[in-house]
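Keeping their order, the protein sequence lines are chains A and B. The opening position of the first sequence corresponds to residue 55 in our numbering, with each subsequent residue numbered one higher. The opening position of the second sequence corresponds to residue 73 in our numbering, with each subsequent residue numbered one higher. Where a beta carbon is used, it is the ideal one built from N, C-alpha and C, also for glycine. Note that this is a predicted model, so its numbers are computed, not measured. Since the structure comes first, as structure tokens, the remarks are kept for the end.
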Amino acid sequence: MPGVLFFGFFAVVPMGLAFYLSFTSWDGLGDPKPVGLANWQKLIEDDRMVQSLWLTVLLTAVSWAFQTVIALLLGVWAAGRQRNRAVLSAIFFVPFLLSSTAIALLFYALLDPNFGIIQQNILGSSSGAFLAIVFVGGWQFIPFHTLIYQGGARQIPEVLYQAAAIDGAGRYRQFFSITLPQLRHTITTSTVLMVVGSLTYFETVLILTKGGPGTDTAILPYLMYEAGFKSYDFGYASAIASFLVLVATVLSLILVRLTGFGGMRSTREGM
Amino acid sequence: MESINGRSNSGRPTGEGPGRNTGGGLGSRAFSRRWVLGAGATTLLTTGLTACGSDSDSGGGGGTLTAFVYGDDAVKVQQAAVDRFNKSAAAKKAKGKVKLERIPGAEYPAKLRTAMGSPSAPDIFFNWGGGSIKDYQEAKQVVDLTDTIENDPTLKSGFLPAVLAAGGLGGRNYGIPMRGMQPVILFYNKALFAEHKLQPPTTWAQLQDINGKLKKAGITPFALGGADTWTELMWLEYLVDRIGGPEVFAKIQEGDASGWGDPAVLKAAETVKELIDDGAFGSKYSSVAYTNGGAPAVFAKGKAAMHLMGSWEYSTQLGKFPSFAKNNLGWCAFPTVEGGKGDIRNVVGNPTNYWSINTRAGNKDAAIAFLRDCASETYAKALIANGDIPTTANAAKLLEASPNPEFAKFQYEMVEKAPAFTLSWDQAVGSKTATPMLTEINKLFVGKSSPSEFVSALKELK
Numbered sequence: 055m056p057g058v059l060f061f062g063f064f065a066v067v068p069m070g071l072a073f074y075l076s077f078t079s080w081d082g083l084g085d086p087k088p089v090g091l092a093n094w095q096k097l098i099e100d101d102r103m104v105q106s107l108w109l110t111v112l113l114t115a116v117s118w119a120f121q122t123v124i125a126l127l128l129g130v131w132a133a134g135r136q137r138n139r140a141v142l143s144a145i146f147f148v149p150f151l152l153s154s155t156a157i158a159l160l161f162y163a164l165l166d167p168n169f170g171i172i173q174q175n176i177l178g179s180s181s182g183a184f185l186a187i188v189f190v191g192g193w194q195f196i197p198f199h200t201l202i203y204q205g206g207a208r209q210i211p212e213v214l215y216q217a218a219a220i221d222g223a224g225r226y227r228q229f230f231s232i233t234l235p236q237l238r239h240t241i242t243t244s245t246v247l248m249v250v251g252s253l254t255y256f257e258t259v260l261i262l263t264k265g266g267p268g269t270d271t272a273i274l275p276y277l278m279y280e281a282g283f284k285s286y287d288f289g290y291a292s293a294i295a296s297f298l299v300l301v302a303t304v305l306s307l308i309l310v311r312l313t314g315f316g317g318m319r320s321t322r323e324g325m
Numbered sequence: 073m074e075s076i077n078g079r080s081n082s083g084r085p086t087g088e089g090p091g092r093n094t095g096g097g098l099g100s101r102a103f104s105r106r107w108v109l110g111a112g113a114t115t116l117l118t119t120g121l122t123a124c125g126s127d128s129d130s131g132g133g134g135g136t137l138t139a140f141v142y143g144d145d146a147v148k149v150q151q152a153a154v155d156r157f158n159k160s161a162a163a164k165k166a167k168g169k170v171k172l173e174r175i176p177g178a179e180y181p182a183k184l185r186t187a188m189g190s191p192s193a194p195d196i197f198f199n200w201g202g203g204s205i206k207d208y209q210e211a212k213q214v215v216d217l218t219d220t221i222e223n224d225p226t227l228k229s230g231f232l233p234a235v236l237a238a239g240g241l242g243g244r245n246y247g248i249p250m251r252g253m254q255p256v257i258l259f260y261n262k263a264l265f266a267e268h269k270l271q272p273p274t275t276w277a278q279l280q281d282i283n284g285k286l287k288k289a290g291i292t293p294f295a296l297g298g299a300d301t302w303t304e305l306m307w308l309e310y311l312v313d314r315i316g317g318p319e320v321f322a323k324i325q326e327g328d329a330s331g332w333g334d335p336a337v338l339k340a341a342e343t344v345k346e347l348i349d350d351g352a353f354g355s356k357y358s359s360v361a362y363t364n365g366g367a368p369a370v371f372a373k374g375k376a377a378m379h380l381m382g383s384w385e386y387s388t389q390l391g392k393f394p395s396f397a398k399n400n401l402g403w404c405a406f407p408t409v410e411g412g413k414g415d416i417r418n419v420v421g422n423p424t425n426y427w428s429i430n431t432r433a434g435n436k437d438a439a440i441a442f443l444r445d446c447a448s449e450t451y452a453k454a455l456i457a458n459g460d461i462p463t464t465a466n467a468a469k470l471l472e473a474s475p476n477p478e479f480a481k482f483q484y485e486m487v488e489k490a491p492a493f494t495l496s497w498d499q500a501v502g503s504k505t506a507t508p509m510l511t512e513i514n515k516l517f518v519g520k521s522s523p524s525e526f527v528s529a530l531k532e533l534k
């Protein structure tokens, strides 16, 4: 019951208020004035919105590919039982414990074109800035997903590998025929977390690029921040926020449906 | 770092250094929560802030007035003024005291905005004049000080008239100058200029000539912290002034967006494009920031020969590279452009910062009495000791006491003799227009839009 109350007060009520605000014009002073669908109409017609949505989807997709491949391989590797792996995994987990702000500031200094380690115009070029964001995000979150995959891989019964070995399957065959299929629910879980994480990715963009150069890394959460706390157009910012909630919900539903996660079929089928 | 952030940001409400604490990291949820704090749970806020509560609605007489101020190094001048005022006869007479609330740097504009929309609004608040107070003025939250100034000789003749006027809107006064002046100046490296036998430019042709010689010697002509858009803005501000005169932007500032269609704006954008294509800023300027000390370091280390920057560049260099600041830092006015209408004496930048009074302030007499202190010689002396140049009429005779009298005099005369002082565009047009305007400027500088696309995008701004 307290859980429901907390969720209601801190998640549902504010979400409802933001939705209400999206039908008003409010600059933070005085009272919000109802403007009907004006903000939503602006949302549809705004060129920046289209670009921003595309960037958000692109960031989500590229980050997913980058993080999943590495986290999966590392996770399976770390699921081995040797002692050094446990120690290495522990060290590897450290980036996740740092705050996103600290990480972004660290990379901001490292990428400085005159005094950093890579003296190139990275954050000032479109593709460079985008890839820097993907990389920094990956650096921070891959350890977390590695941990999930490690846990998942350790759940796979040893007998499957023993049987496969008897049948003469090599390491690659074992990986693709046993490990990957057995990890599919883990992949779904990790993917949902990554997608939702990418949709709300913000601090790194704010610190590294401020949406720039130009508007080339202005993803939805950044656009929302800019509308609200730089232009003080809280009505429009709320419309973007509501839209973001909508996109996130639809995406997770699609993911769950596509992967059959909702059915909760047993991983042990056929055993 | 401290001095750089503090100084540069005091002129920059939109400047957000990498040190900025974001707070909105959870996307929609955090945003909504902020709204709840603002609207729903203001009780939480008010109970939390009663210590500095202002009795805003309790009407005249007594009580402590809260003053929000930008919390950088210069705040010690205001703190001293508050202490002095609280002990003074004027405070006793008005039955009021002032309590200073320091807001950390880059957070200031957002914090002020949130507070002004809530019951715990400050009675007196620091601002940048012009467009930075437009929303508050429209919401009837700033006291019109025109008549007060008119009837008070101390205030009326206490400040440089152009500076006093820039604190207002539509010919009415809403602010009293309370910090040093911040004109934008063309700084240059005297050692490099001497080595290559160059003179500071007074015309655009000379500037291009200098650029050519510097590039031949492998030196980038200008340092530019292009990761902060406001540094790029300074170029357009001066070019539009020199090409079309101060009237061009004055029209835009009055709210006439068609003013962006003036040929001078297009010419200025084309000139910027030429400079970029010509390599005047080097090739990495769009990842160099001012706020983290990048651009000042490039300049001080001789990688670039000139730097167009606010007067705070001097204190920044003095803090970071003292020997460069003392021996090799030169300064001059922005050159004229051949065939342009603008006077070389015209200045752009931030005239200064201002105190304004909230219309809900409980004890306006006390607030005004406190503001009068800013015109005093004691206050001006405190600013000078801090390395700032006061905007008071009596400042000229105090300049000898400055840490660098030569630079102080140059700056004071520059502002005093300026036929026009254009307020930084992002301050002049109000936050709703400033944000997209800065975005368009950044697009022009990184080659994402052409000069003509730039002009048509600006004309769309309302």
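query	result
Quick one, which of B/VAL518, B/ILE513, B/PHE517 has its alpha-carbon nearest B/LYS531's?	B/ILE513
Could you tell me whether any Cβ in chain A is nearer than 7 Å to the Cβ of B/LEU533?	no
My guess is that A/VAL259 and A/ALA207 are in contact by the Cβ rule of under 8 Å, so how many angstroms apart are they, rounded?	About 32 Å separates the two Cβ atoms, so there is no contact after all.
What is the DSSP secondary structure of B/GLU173, reduced to helix, strand or coil?	strand
Looking at the C-beta of B/ASN430, does it have a partner C-beta in chain D at a distance below 7 Å?	In summary, chain D is missing from the structure at hand, where the protein chains are A and B.
Quick one: what's got a C-beta closer than 7 Å to B/LYS285's C-beta in the same chain, skipping five residues either side?	HIS268, LEU270
If you reduce the DSSP assignment to three classes, tell me which class B/ALA123 lands in.	Its pLDDT being 37, under 50, B/ALA123 is placed unreliably in this model, and the coordinates cannot settle the point.
Could you give the residue range of the beta strand (DSSP E) that holds B/GLY143?	136-143
Three-state secondary structure (DSSP) at A/ILE232?	helix
Given that B/ASP207 touches chain A, what residues does it touch there, using C-beta distances under 9 Å?	ASP81, GLY82, LEU83, TYR286
Distance, Cα to Cα, A/GLN228 vs A/GLY222?	10 Å
Strictly below 8 Å CB to CB, what residues from chain A border B/GLY298?	GLY178
Does B/MET378 come within less than 7 Å of chain A when only Cβ atoms are used?	no
Verify the CB distance criterion: does B/LYS262 have a CB-CB separation below 7 Å to chain A?	no
Going by DSSP, what residues sit across from B/ILE257 in a beta bridge?	B/MET381
Since B/ILE185 meets chain A, which of its residues come closer than 7 Å, beta carbon to beta carbon?	Note that residue 185 of chain B corresponds to Arg in the displayed sequence, not to Ile. Neighbours of B/ARG185 on chain A, chain order: GLY82, TYR286.
Under 8 Å: do the region 443-462 of chain B and the region 333-348 of chain B share three or more Cβ pairs, one atom per stretch?	no
B/LYS504: which of A/PHE195, A/ASP287, A/ILE172 sits nearest, CA to CA?	A/ASP287
Say whether chain A places a C-beta atom closer than 7 Å to the C-beta of B/GLY99.	Bear in mind that the predicted position of B/GLY99 carries a pLDDT of just 35, short of 50, making it too unreliable to give a figure here.
Evaluate A/VAL104 with the Cβ neighbour count: other Cβ atoms within 10 Å of its Cβ, from every protein chain shown; 16 or more gives buried, anything less gives exposed.	exposed
Would you call the region 180-187 of chain A and the region 266-279 of chain A touching, i.e. three or more CB-CB distances under 8 Å?	yes
Since B/THR388 meets chain A, which of its residues come closer than 7 Å, beta carbon to beta carbon?	Neighbours of B/THR388 on chain A: none; closest Cβ ~16 Å, over 7 Å.
Output, in chain order, the set of chain A residues within a Cβ distance shorter than 7 Å of B/ASN46.	What the structure shows of chain B is the stretch from 73 to 534, and residue 46 of chain B is not part of that stretch, so it cannot be assessed.
Taking C-beta pairs closer than 7 Å, name the residues in chain A that B/ALA211 reaches, listed in chain order.	LEU83, GLY84
May I have the straight-line CA-CA distance separating B/ARG106 from A/TYR279, to the nearest angstrom?	With a pLDDT of 40 at B/ARG106, under the threshold of 50, the modelled position of that residue is not reliable, and the figure given next carries that caveat. Each residue's alpha carbon lies about 12 Å from the other.
Give me, in chain order, the residues of the same chain whose beta-carbon lies closer than 8 Å to that of A/LEU309; leave out the 5 immediate sequence neighbours on both sides.	THR242, THR245, VAL246, VAL249, PHE315
With a cut-off of 7 Å, does the C-beta of A/PHE283 fall near any C-beta of chain B?	yes
Which ranges does the beta strand (DSSP E) cover as unbroken runs of at least 3 residues, wholly within the region 442-514 of chain B, from first to last along the chain?	493-495
Please look up how many angstroms separate the CB atoms of B/LEU258 and B/PHE406, rounded, as I've assumed it's under 8 Å.	5 Å
Which term fits B/ARG251, buried or exposed, when burial requires 16 or more other beta carbons within 10 angstroms of its beta carbon?	buried
Here's the rule I'm using: 16 or more other beta-carbon atoms within 10 Å means buried, otherwise exposed. How should A/ALA217 be labelled?	exposed
What does B/GLY202 reach in chain A if we use C-beta pairs closer than 7 Å?	Here the premise fails: no neighbours, minimum Cβ distance about 16 Å.
Given that B/LYS287 touches chain A, what residues does it touch there, using C-beta distances under 7 Å?	Within chain A, no residue comes near B/LYS287; the closest Cβ sits about 18 Å away, beyond 7 Å.
Go through the region 289-338 of chain B residue by residue and report every complete run of the beta strand (DSSP E) that reaches 3 residues or more, in order.	292-295
Is the Cβ-Cβ distance between B/GLY502 and B/GLY203 less than 7 Å?	yes
Can you find a C-beta in chain A that's less than 7 Å from the C-beta of B/THR507?	yes
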